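The structure under discussion appears below in the form of structure tokens.
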Amino acid sequence: MEEANVQTSELYTLQLPSKPESITLLEQLIEEIADKYHVAEDTFANMMTCLNEAVINAIMHGNKQDETKKVIVNAEVDPKRIIWTVTDEGPGFDYNNLADPTAPENLENLTGRGVFIIKHLADQCIFNASGNEIELHFKI
């Protein structure tokens, strides 16, 4: 009888206060996971960029820098991929009606590119219904 192929995954979680300094803890976690799982440089760079964007968005837009509110970051890692989720305590947003940052009238804007960038760099990007949680998949 064949043995069942047990897919082991490891879980990591962070609860970050809603202030920009929290990014340091996020970056340490990404580095720790990348080292442990020998994540390729380009994937590491993409994860760093996407998660920075997602967490900054959660802090600034979601929780409005209210330090009593948390941003929760989870990483589920298995040998083939990492699934990150970033959740804030804000009301969410309508991710289907974001302005297109590549439209001529938006090219000069300093903001509004985060979700666009994330969608291009992550292998998969899924928002929950209310828009206060994002799930990001990276193959490793």
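If you're matching positions, the sequence shown starts at 1 in UniProt numbering and goes up one per residue.
Using N, Cα and C, we set each Cβ at its ideal position, and we do this for glycine too.
Note that the structure is predicted; figures quoted are calculated from it, not measured.
Asked: CA-CA distance, GLU89 and SER18?; Found: 10 Å
Asked: Cβ atoms of HIS137 and ILE83: under 7 Å apart, would you say?; Found: yes
Asked: By Cβ distance, which residues of its chain are closer than 6 Å to ALA54, with the 5 residues on each side in sequence left out?; Found: VAL86, ILE134
Asked: According to DSSP, is VAL73 helix, strand or coil?; Found: strand
Asked: Under a Cβ-count criterion, where at least 16 other Cβ atoms within 10 Å of its own Cβ denotes burial, should SER130 be classed as buried or exposed?; Found: exposed
Asked: On the criterion of 16 or more Cβ atoms from any shown chain inside 10 Å, does ILE126 qualify as buried, or is it exposed?; Found: exposed
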